[in-house]
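Notes follow the structure.
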Amino acid sequence: MPIKNYEHGCSTTQALATLGKVEGVIPLLHGPQTCVFQNQISTLYCRPANLITAGTLVSKSEVIFGGDESLKQQIRNVYEKYKPRVIVIINTCIPQLNGDDVEGVIIEMERELPGLRLSTLNTGFNYTDAMLRGSDASWVAILETLQKSATDEGSVGLIGRSGQDADNMGAIDTLLRKAGLKTHLFPATHIDEMAQITSAEHIYPLHLGTYETSRYLTEEFDRDVEFIEIPSSVAGTSRFLRAVADREGCQALHDLVDQEEARVMPELAKIKAQFAKDKVRMLLVSGPANEMSMGKIVAEFGAEVYVVPSMKDRFYKQERAIMEERYGVNFIDQDFDTLEELIDEIQPTVVANEFQAQPETSAHLIPSFCIFFYLADYGYDYALNFGHNFANMTGPAVWQHWRNLNQRFGRLSQEAH
197 MPIKNYEHGC STTQALATLG KVEGVIPLLH GPQTCVFQNQ ISTLYCRPAN LITAGTLVSK
257 SEVIFGGDES LKQQIRNVYE KYKPRVIVII NTCIPQLNGD DVEGVIIEME RELPGLRLST
317 LNTGFNYTDA MLRGSDASWV AILETLQKSA TDEGSVGLIG RSGQDADNMG AIDTLLRKAG
377 LKTHLFPATH IDEMAQITSA EHIYPLHLGT YETSRYLTEE FDRDVEFIEI PSSVAGTSRF
437 LRAVADREGC QALHDLVDQE EARVMPELAK IKAQFAKDKV RMLLVSGPAN EMSMGKIVAE
497 FGAEVYVVPS MKDRFYKQER AIMEERYGVN FIDQDFDTLE ELIDEIQPTV VANEFQAQPE
557 TSAHLIPSFC IFFYLADYGY DYALNFGHNF ANMTGPAVWQ HWRNLNQRFG RLSQEAH
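FYI, the numbering for the sequence shown is 197 to 613, going by our numbering.
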């Protein structure tokens, strides 16, 4: 498996998890039973239990003859029972190969059910280069159901990368509001809240996985969208906020940044001193684009950082230039057969990667982060918290405890046999 594929389980999973967090929206997974089941199970941990997702369970005969009729009937069933505002059809690999006329189904069903808005996105092999693009495509699918609205003069919009960001954006939103700016957040917990992004006068994407969403807002809604940089790390957060302050003519936001920097700089100095004493070489492999934000945080602490990127669009290129020029981050563009081969070459002291690569890092007894669990990476306090806890998560005590457990239960297991 090429190393750049480690980050992608399936963009369908990300799309279902993303859309399954928004009230008023029901994602309808159009695919065979195994696909529907696996994606439903794998996303249970990261979407609210009270929100509904659904599937069509394409049968063997429909694989051959098409599943349009099953899709229509399931749309009727879901609408009759739950009355959602929007149904987004997640069109998976098999229906795409069959050539199911999903767009035609949407036209027909919106005529039949005038109170319902429908849209679709193609996942699976369409987004093999980055799982996160399943989230970006989901946001575009929601935007396609919204109407243009008048500009809310003086308002600021923030676009996050996935459903988790509905809460994570608070680290930035709180400071903007405290400075007197009116904000509209996307994503949000309800479709009505998300719809307000179309009225924001100026919009600032917070992460790389918002590229297509940003382009759609620019082209279809005529919004002013400006990517500055990811507001992660202490300096990165300050640069983002000061750029917004300049564009919005908001001195109060500059003043707040001054206050925050006075608060956090002593703590950052302590973290840098610890990293200087215990040298860290960190490899971050193609996460849902947070190999960039996490990499920037750790590089600011003074670690030697190597990144295998998951994105290649304009936002990525802009962020990469910042990380190379300001932090000396190393980017790996050449391909490798396995992560283990890359570990042998770089000799990292810690690795951040996806589930699929855990066996290779564990075999080397290298401390490793599952990169999926570190998505809340905006603002000052996240960076400081990560820095203060880094040694506890990767230090010798953790791995000595692991070895002791291994030795103890390994012996018990052998004695049992």
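A virtual CB, placed ideally from N, CA and C, is assigned to each residue, including glycine.
**Asked** Between which two residues does the alpha helix (DSSP H) harbouring L490 extend?
**Response** Per the sequence presented here, residue 490 reads as Met, with Leu not at that position. Unbroken alpha helix (DSSP H) run through M490: N486 to F497.
**Prompt:** Can you tell which of E444, E487, F497 and M461 has its C-alpha closest to the C-alpha of Q470?
**Reply:** F497
**Message:** Assuming G583 is part of the alpha helix (DSSP H), what are its boundary residues?
**Reply:** Start and end: Y576 to T590.
**Prompt:** For M478, which beta-bridge partners are listed by DSSP?
**Reply:** V501 and V546
**Message:** Taking only three categories from DSSP, how would you classify P198?
**Reply:** With a pLDDT of only 42 at P198, under 50, the local geometry of the prediction cannot be trusted, and no value is derived from it.
**Prompt:** Are L339 and E389 touching if we call contact CB-CB under 9 Å?
**Reply:** No Cβ-Cβ contact shorter than 9 Å links L339 with E389.
**Asked** For V284, which residues does DSSP report across the bridge?
**Response** P223 and S315
**Prompt:** Considering only C-alpha positions, which residue in the set I271, T288, E500 and D296 is nearest to R307?
**Reply:** Out of I271, T288, E500 and D296, I271 has the C-alpha closest to the C-alpha of R307.
**Message:** Suppose the cutoff is 6 Å on Cβ atoms and the five residues either side in sequence are ignored; what does the same chain contact list for I424 look like?
**Reply:** F436 and A439
**Message:** What would DSSP say about T249, mapped onto helix, strand or coil?
**Reply:** coil
**Prompt:** G524: buried (16+ other C-beta within 10 angstroms of its C-beta) or exposed?
**Reply:** exposed
**Item:** Given K466 as reference, the closest of L224, A579 and P505 once Cα atoms are compared
**Value:** A579
**Asked** Residues bridged to V421 by DSSP?
**Response** V421 is bridged to I399.
**Asked** Is T379 helix, strand or coil when you go by DSSP?
**Response** strand
**Prompt:** Who are the Cβ neighbours of N585 in its own chain at under 8 Å, not counting the five residues just before and after it?
**Reply:** none
**Request:** May I ask you to verify whether the region 366-381 touches the region 452-463, counting CB pairs closer than 8 Å and requiring at least 3?
**Result:** Taking 8 Å as the limit for Cβ pairs, the verdict is that the region 452-463 does touch the region 366-381.
**Message:** Helix, strand or coil for H560? Go by DSSP, reduced to three states.
**Reply:** coil
**Asked** What are the residues that DSSP puts in a beta bridge with H386?
**Response** E219
**Request:** Go ahead and pull the three-state DSSP assignment for P462.
**Result:** helix
**Request:** Would you grab the beta carbon distance between V232 and G251 for me? Rounded to a whole angstrom, and I think it's under 8 Å.
**Result:** 3 Å
**Request:** Have a look at the DSSP bridge pairing and note the partners of S351.
**Result:** S351 is bridged to K378.
**Prompt:** Going by C-alpha distance, which of D529, Y570, D348 and F382 is nearest V336?
**Reply:** Among D529, Y570, D348 and F382, the Cα nearest to that of V336 belongs to F382.
**Range of the contiguous alpha helix (DSSP H) that encloses G330** = R329 to L339
**Item:** F436 in three-state terms, based on DSSP
**Value:** helix
**Asked** For C206, does the count of other Cβ atoms within 10 angstroms reach 16, so buried, or fall short, so exposed?
**Response** buried
**Asked** Does the distance from the CB of S351 to the CB of E408 come in under 9 Å?
**Response** no
**Request:** Answer with buried or exposed for M589, where buried requires no fewer than 16 other C-beta atoms within 10 angstroms of its C-beta.
**Result:** By the neighbour-count criterion, in which 16 or more other beta carbons inside 10 Å mark a residue as buried, M589 falls on the exposed side.
**Item:** Exposed unless 16 or more other CB atoms sit within 10 angstroms - verdict on L293
**Value:** When all chains shown are included, L293 counts as exposed.
**Asked** What residues are listed by DSSP as bridge partners for F532?
**Response** Residue pairing by DSSP leaves F532 without any beta bridge partner.
**Item:** Where the alpha helix (DSSP H) containing S345 begins and where it ends
**Value:** Here S345 belongs to no alpha helix (DSSP H), and DSSP marks it neither H nor E.
**Asked** Would R510 be called buried (16 or more neighbouring beta carbons within 10 Å of its own) or exposed?
**Response** exposed
**Terminal residues of the alpha helix (DSSP H) in which I567 lies** = Note, I567: premise wrong, no alpha helix (DSSP H); not H, not E.
**Request:** Just grab the DSSP bridge partners of N526 for me.
**Result:** Beta-bridge pairing links N526 to Y502.
**Through-space distance from E536 to C446, alpha-carbon basis** = 49 Å
**Request:** Work out the CA separation of I290 and G320 for me, nearest whole Å.
**Result:** Distance between the alpha carbons of G320 and I290 is about 9 Å.
**Message:** Here's the rule: buried if 16 or more other CB atoms are within 10 angstroms of the residue's CB, otherwise exposed. What is K344?
**Reply:** exposed
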